[in-house]
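Asker:
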Amino acid sequence: MIIKVQKPLATYGMPPKALIYNEDRSVEIYVPMSKDMDELFGNDVKQYWEAKLGEHPGGEVYIGDGTTLLTLFKKLEEPNW
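Everything in the sequence shown is counted per my numbering, starting at 2 for the first residue and increasing by one.
1. Looking only at its chain, what residues have a beta carbon closer than 8 Å to the beta carbon of residue 49, apart from the 5 residues adjacent to it on each side?
2. With DSSP run on the structure shown, which of helix, strand or coil describes residue 10?
3. Along the chain, which unbroken stretches of the alpha helix (DSSP H) at least 4 residues long are found entirely within the segment 15–54?
4. Which partner residues of residue 65 appear in the DSSP bridge assignment?
5. Excluding sequence positions up to five away, which residues of its chain have a Cβ less than 8 Å from the Cβ of residue 70?
6. Please name the residue in 51, 66 and 27 whose C-alpha comes closest to that of residue 19.
Here it is in structure tokens:
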């Protein structure tokens, strides 16, 4: 599946949380921003990744909210959603 990882646009909660979801929003999680998340984003506000639910070998990044875990495999160009 393709997921979008979006930096928080406002800081309502402490700590601010990144929004991660797929096109039909059947997967939607919020992950607190951390040093690792800042490194993932770099200067980007949003990124798209090829991802699978759960932990899979060969993934570049594991990201989750304590309930849902995603394995990110490959950063993608912005799709036409």
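Beta carbons: idealized from backbone N, C-alpha and C, even for Gly.
Answerer: Working from what's here:
1. Numbered from its first residue, the sequence shown carries residue 49 at position 48. The answer, listed in chain order, is 3, 4, 5, 6, 76, 77, 78, 79 and 80.
2. Against the sequence shown, residue 10 aligns to sequence position 9. Here residue 10 sits in coil by DSSP.
3. 36–42
4. Taking the sequence shown and counting its residues from 1, one reaches residue 65 at position 64. In DSSP, residue 65 forms a bridge with 70.
5. By one-based count along the sequence shown, residue 70 stands at place 69. The residues are 54, 55, 56, 63 and 64.
6. Position 18 of the sequence shown, counted from the first residue, corresponds to residue 19. Ranking the options by Cα distance to residue 19, first place goes to 66.
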